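**Student:** Numbering (numbering that gives the first Met the number 0), first residue to last: 0 to 146. Yeah, the Cβ is synthetic: ideal placement off N, Cα and C, and Gly gets one too. Quick caveat: nothing in here was measured; it's all calculated off a predicted structure. Below is a structure I'd like to ask you about.
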Amino acid sequence: MSHDLQESIPYLLARAGIRTGQAFTVELKPFDMSLNEWRVCATLRHQPSQRIGEVAQHTSIDASTLSRLIDAMIKRRLVVRERDSVDARARSLHLTPKGEELVDRVIPLAQMYERVALAGLSAEEANTLRGFLARIYDNMDMLNHRA
């Protein structure tokens, strides 16, 4: 049985993601921000007031890593925990004004990285790719339930 790694979709996805993440991490250094911190801040900027489980789902950061990360971000005054408006027993995460300002400064860089990554693709091809990637991500739930 033969398996050409260069033709493997999971390998190609991982390779593209790693390369993009490594390059973007360098761009985040002047902002004193890690890639995972960017993911948390970006998801909270897009959809304010999320519980930690929602942030974990949107960022694909495991719960224990995310918990420590959130604690550090609270100390840096980038995010706050507040009582959830729907369930008073739960806590929701929100960006602070400092966190919002930081995200707003980084967004143009993130947009530039996306433009570079999608160079040579039409708008229709980029939207098709987004759809394919979302479907691949959702398909992986079948394997995650086996663990």
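Pairing CB atoms from the stretch 112 to 128 with CB atoms from the stretch 13 to 27, are three or more of them under 8 Å?
**Tutor:** Cβ pair count under 8 Å is three or more, so yes.
**Student:** Taking only the alpha-carbon atoms, compute the straight-line gap between V25 and E81 and give it to the nearest angstrom.
**Tutor:** If you take the alpha carbons of V25 and E81, they lie about 32 Å apart.
**Student:** Is A13 near the ligand GTP, going by C-beta to nearest heavy atom under 6 Å?
**Tutor:** As for the ligand GTP, it is missing from this structure, which has no ligand bound.
**Student:** What does L11 pair with, by DSSP beta-bridge criteria?
**Tutor:** Its beta-bridge partners do not exist; DSSP assigns none.
**Student:** Can you tell me where the alpha helix (DSSP H) with E36 in it begins and where it stops?
**Tutor:** Taken as a continuous stretch (DSSP letters only), the alpha helix (DSSP H) holding E36 covers 34 to 45.
**Student:** Where do the N-terminal and C-terminal ends of the alpha helix (DSSP H) with L132 fall, by residue?
**Tutor:** Element bounds for L132: 122 to 138.
**Student:** For S91, count the other beta carbons within 10 Å of its own beta carbon; 16 or more makes it buried, fewer makes it exposed. Which is it?
**Tutor:** It counts as buried.
**Student:** I'd like the list of long-range same chain contacts for W37, defined as Cβ closer than 7 Å, with 5 residues on each side in sequence excluded.
**Tutor:** Once the five neighbours on either side are set aside, the close Cβ partners of W37 are L27, V105.
**Student:** With H, G and I counted as helix, E and B as strand and the rest as coil, what does DSSP make of H93?
**Tutor:** H93 falls in the strand class under three-state DSSP.
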